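Here the structure comes first, spelled out in structure tokens, and everything after it is commentary.
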Amino acid sequence: MNRDKRLAYWRANLRLVALCLIIWFVCSYGFGVLLVEELNRIRIGGFQLGFWFAQQGSIYVFVALIFFYAWRMNRIDRKFDVHED
Amino acid sequence: MSLQALTYLVVGLSFALYIGIAIWSRAHNTGDFYIAGKGVSPVANGMATAADWMSAASFISMAGLIAFLGYDGSVYLMGWTGGYVLLALLLAPYLRKFGKFTVPEFIAERYYSRTARIVAVICLIFISFTYVAGQMRGVGIVFSRFLEVDVTVGLLIGMGVVFVYAVLGGMKGITYTQVAQYCVLIFAYTVPAVFIAIQLTGNPIPQLAFGGEVANSGTPLLDKLNDIVTSLGFNEYTSGTKSRIDVFCITMALMVGTAGLPHVIVRFFTVPRVRDARVSAGWALLFIAILYTTAPAVGSMARYNLLETIQPGEIGAVDGSLAYDERPGWFETWENTGLVRFDDRNGDGRIQYYNDANPEFAARAEEFGWQGNELSVDRDIMVLANPEIAGLPNWVIALVAAGGIAAALSTAAGLLLVISAAVSHDLIKGIVAPHISEKKELLAGRIAAAFAIMVAGYLGFDPPGWVAQVVAFAFGLAAASLFPAILLGIFFKRVNKQGAIAGMLTGLLFTYGYIEFYKGLFLKWAGSPWGTNTAEHWLFGISPEGIGVVGMTLNFIVALTVSHLTTPPPERIQHMVENIRVPRELDEEHL
Numbered sequence: 048m049n050r051d052k053r054l055a056y057w058r059a060n061l062r063l064v065a066l067c068l069i070i071w072f073v074c075s076y077g078f079g080v081l082l083v084e085e086l087n088r089i090r091i092g093g094f095q096l097g098f099w100f101a102q103q104g105s106i107y108v109f110v111a112l113i114f115f116y117a118w119r120m121n122r123i124d125r126k127f128d129v130h131e132d
Numbered sequence: 110m111s112l113q114a115l116t117y118l119v120v121g122l123s124f125a126l127y128i129g130i131a132i133w134s135r136a137h138n139t140g141d142f143y144i145a146g147k148g149v150s151p152v153a154n155g156m157a158t159a160a161d162w163m164s165a166a167s168f169i170s171m172a173g174l175i176a177f178l179g180y181d182g183s184v185y186l187m188g189w190t191g192g193y194v195l196l197a198l199l200l201a202p203y204l205r206k207f208g209k210f211t212v213p214e215f216i217a218e219r220y221y222s223r224t225a226r227i228v229a230v231i232c233l234i235f236i237s238f239t240y241v242a243g244q245m246r247g248v249g250i251v252f253s254r255f256l257e258v259d260v261t262v263g264l265l266i267g268m269g270v271v272f273v274y275a276v277l278g279g280m281k282g283i284t285y286t287q288v289a290q291y292c293v294l295i296f297a298y299t300v301p302a303v304f305i306a307i308q309l310t311g312n313p314i315p316q317l318a319f320g321g322e323v324a325n326s327g328t329p330l331l332d333k334l335n336d337i338v339t340s341l342g343f344n345e346y347t348s349g350t351k352s353r354i355d356v357f358c359i360t361m362a363l364m365v366g367t368a369g370l371p372h373v374i375v376r377f378f379t380v381p382r383v384r385d386a387r388v389s390a391g392w393a394l395l396f397i398a399i400l401y402t403t404a405p406a407v408g409s410m411a412r413y414n415l416l417e418t419i420q421p422g423e424i425g426a427v428d429g430s431l432a433y434d435e436r437p438g439w440f441e442t443w444e445n446t447g448l449v450r451f452d453d454r455n456g457d458g459r460i461q462y463y464n465d466a467n468p469e470f471a472a473r474a475e476e477f478g479w480q481g482n483e484l485s486v487d488r489d490i491m492v493l494a495n496p497e498i499a500g501l502p503n504w505v506i507a508l509v510a511a512g513g514i515a516a517a518l519s520t521a522a523g524l525l526l527v528i529s530a531a532v533s534h535d536l537i538k539g540i541v542a543p544h545i546s547e548k549k550e551l552l553a554g555r556i557a558a559a560f561a562i563m564v565a566g567y568l569g570f571d572p573p574g575w576v577a578q579v580v581a582f583a584f585g586l587a588a589a590s591l592f593p594a595i596l597l598g599i600f601f602k603r604v605n606k607q608g609a610i611a612g613m614l615t616g617l618l619f620t621y622g623y624i625e626f627y628k629g630l631f632l633k634w635a636g637s638p639w640g641t642n643t644a645e646h647w648l649f650g651i652s653p654e655g656i657g658v659v660g661m662t663l664n665f666i667v668a669l670t671v672s673h674l675t676t677p678p679p680e681r682i683q684h685m686v687e688n689i690r691v692p693r694e695l696d697e698e699h700l
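Those sequence lines, one after another, are chains L and Z.
Counting in our numbering, the first sequence runs from 48 upward without gaps.
Counting in our numbering, the second sequence runs from 110 upward without gaps.
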């Protein structure tokens, strides 16, 4: 594996990490903390949306994000031929 | 069968199961003992991580904490789950690729320094002992309430069980017992929650019942709860009292602290491949999320049930408050433990429960002839009393006892193991006696684990007054010291020994100093002689619970600045960093 390919692999990883961390930040700190009052004006069932994100939604997003990252990284590993086995 | 006999039976069976697993999965070498021979499947590791992570505090205290805090309790829900995203994306796969035994070992090799290793060991031991003391205390509480034995006897039994499987089995034994413990604890947690959800809203799924309508009323649960709490002078359930910056910082400190906790990180050393480490974090969080999304639902329903019981009629009307003689059975049971207390201040034989710290409502209450709040409820009983409040059969109550003990034991075992590994592998093998044989190191690990159990037992028997306070410290410390050192070690090749050590010490001393200043942890255990612990005195309005974020930021700044002013790390270290960034092993010629 040459240097250029290694750098390209690392950049692809960093881009994916950055994307995931933006979603992570927006759904927890954004919707659950900073914008909570604004979102609480919107209702979903018996929930105020901001409150729902703070106590339920953010956690669902976290779980989905990790599986998404693991799945995408496996594809990137294969693309750059650095996967295990 | 009586409740007590049933509880003995269920708890006894669960102990027999844990010990059976420990004997089946004994450790034969140091690889088994420290990292379960790297042979754990990602799903099993996810379950073990979940049991490791969810402590007595998560199982017993969290729902009650949220019940009384409402929205403000969100900091714990987001803070103790969001850290797994950081772990999966930024740390776990690379540390697994590094492929050694302990967290201080990574820091020592990456920063080619024994000093760095010692600093890391000190952080690790402090964080872990803080935690373990709380677990042992949880074991004592559950034993004394459900098995009606003396707290000391309960502690000794708990220590004995952990001793058998941690000392015999090491990481391998712990991992498979934790899988069993997860099953026990999650079943024990969700069964009562489902029944309460059905009783209250008709919907069996607590996460949906949380946003559902109270049966036969047409009003959503949370709206009804908001009405009741505000009409008794409490703060609205769905909105908070903390400032936004403080909520932000506490959540961040808990998240980053989670990702920096050694007993969590080391779990990802046990899976066979890098890709397993990534997906295993997802499984871990999924298993954790089952409890963490149920907890706020349980909290809101428990608060609602409590208020409906105490205040069945119109507020202010004479017969609106519950007559003390008509109190339900669970009320009496928990009164015996002292965790529920009634003090009939106005002598009317009825229970008035309201927020007498709210001056506006206190004035109204006085017109009703109320003379102050008469009921105090310890938040810890919310989960433990739930099956009784919901009128569930005795076997469910017995199961909750076994679940609480499982949660406490699994976390204690994980913590004891990282302490023993830090002593036998990092201090003895790494620094004092590098040429020690593997057999002797394994023996040293077992002795260290046994010694750690005794210290933990002592801390649980005679808990220092500051246990609750130092939990914030443990997270702050992990966030300000270990997390940045590991992250920089992976993502910034240029960071060197001088930078990392300076950064860790800055983060550590700043965070310790700030908490000491406002809380007086060690020098003066009850309160601080220097700073008043209120919002207007805090730096930028950040409470000591959230200050780890500032400590972390300082660590990053100092580490990067010092590194750029001093010589870069040697070439072999840069190669090592290149190598851990890629799942497959790189050949020398490609570096």
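Just so you know, even glycine gets a beta-carbon here, dropped at the ideal spot from N, CA and C.
Here the structure is a predicted model, which means the values were calculated and not measured.
query, result
"Beta-carbon gap between Z/G155 and Z/F396 smaller than 8 angstroms", "yes"
"Contacts that L/E131 makes with chain Z (C-beta to C-beta distance below 7 angstroms)", "R382, V383, R384, P692 and R693"
"Minimum Cβ-Cβ distance from Z/E322 to chain L less than 8 angstroms", "yes"
"Within 8 angstroms of chain Z by C-beta, residues of the region 59-88 of chain L in sequence order", "N60, V64, C67, L68, W71, S75, Y76, G79, V80, L81, V83, E84 and N87"
"For Z/G192 and Z/A386, the rounded distance between their alpha carbons", "15 angstroms"
"Closer than 8 angstroms at the beta carbon, the chain L residues around Z/Y413", "Those do not exist, as Z/Y413 stays about 12 angstroms from chain L at its closest Cβ, beyond 8 angstroms."
"Under 8 angstroms (Cβ pairs) to chain Z, residues found in the region 88-100 of chain L", "I91, G92, G93, F94, Q95, F98 and W99"
"Cβ distance (whole Å) where Z/A201 is taken to contact Z/V407 below 8 angstroms", "Rounded, the Cβ-Cβ distance is 30 angstroms, inconsistent with contact."
"Contacting residues, own chain, Cβ-Cβ under 8 angstroms from Z/L174 (five flanking each side not counted)", "G182, Y185, G408 and R488"
"is_contact[L/A55, chain Z] using C-beta, thresh 8 angstroms", "no"
"The region 58-70 of chain L touching the region 103-117 of chain L, judged by at least three CB pairs closer than 8 angstroms", "yes"
"Residue of Z/A587, Z/H534 and Z/N482 minimising C-alpha distance to Z/S430", "Z/N482"
"Outcome for Z/E214 when other beta-carbon atoms lying within 10 angstroms are tallied against a minimum of 16", "buried"
"contact_flag[the region 675-694 of chain Z, the region 603-610 of chain Z] where n(CB pairs < 8 angstroms) is 3 or more", "yes"
"Cut-off 7 angstroms between Cβ atoms - residues of its own chain near Z/N312, not counting five sequence neighbours on either side", "A306, A318 and G321"
"Min CB distance L/D51 to chain Z below 8 angstroms", "no"
"Contact with chain L by Z/L198, beta-carbon distance below 8 angstroms", "yes"
"Z/T139 versus Z/W133 - alpha carbon distance", "17 angstroms"
"Residue closest to Z/D355, alpha-carbon to alpha-carbon, out of Z/P653, Z/L448 and Z/L695", "Z/P653"
"Limits of the unbroken alpha helix (DSSP H) element including L/L61", "R50 to F72"
"Beta-carbon spacing of Z/L334, Z/L596 below 8 angstroms", "no"
"contact_flag[the region 202-209 of chain Z, the region 373-386 of chain Z] where n(CB pairs < 8 angstroms) is 3 or more", "yes"
"Chain L within 8 angstroms of Z/P371, Cβ atoms only", "no"
"Host beta strand (DSSP E) of Z/S485 (start-end)", "L484 to V486"
"is_contact[Z/A635, chain L] using C-beta, thresh 8 angstroms", "Low per-residue confidence applies at Z/A635: pLDDT is 49, beneath 50, and the placement is therefore not dependable, though the value from the model is reported in the following sentence. Cβ-Cβ to chain L under 8 angstroms: no for Z/A635."
"Residue from Z/F142, Z/L416 and Z/P329 with nearest C-alpha to Z/S340", "Z/L416"
"Sequence-distant residues of its chain with Cβ nearer than 8 angstroms to Z/I651 (five each side left out)", "I354, D355, C358, V658 and V659"
"Rounded Cβ spacing between Z/T190 and Z/L394 (contact assumed at less than 8 angstroms)", "6 angstroms"
"Sufficient close CB pairs (3 or more, under 8 angstroms) joining the region 157-171 of chain Z to the region 271-291 of chain Z", "yes"
"Interface partners of Z/R353 on chain L, CB under 8 angstroms", "V80 and L81"
"Within chain L, the residues that Z/D161 reaches when beta carbons sit closer than 8 angstroms", "Going along chain L, no residue has its Cβ under 8 angstroms from Z/D161, so there is no contact; the nearest lies around 17 angstroms."
"Classification of Z/H544 by the beta-carbon crowding that lies within 10 angstroms, buried from 16 upward", "exposed"
"Rounded straight-line distance, which links the Cα of Z/I314 to that of Z/S111", "30 angstroms"
"Beta-carbon spacing of Z/V388, L/V129 below 8 angstroms", "no"
"Near-chain Z residues of the region 116-131 of chain L (beta-carbon distance less than 7 angstroms), N- to C-terminal order", "Y116, A117, M120, N121, D124, V129, H130 and E131"
"Of the listed residues Z/G267, Z/T675, Z/A587 and Z/L196, nearest to Z/F570 (C-alpha basis)", "Z/G267"
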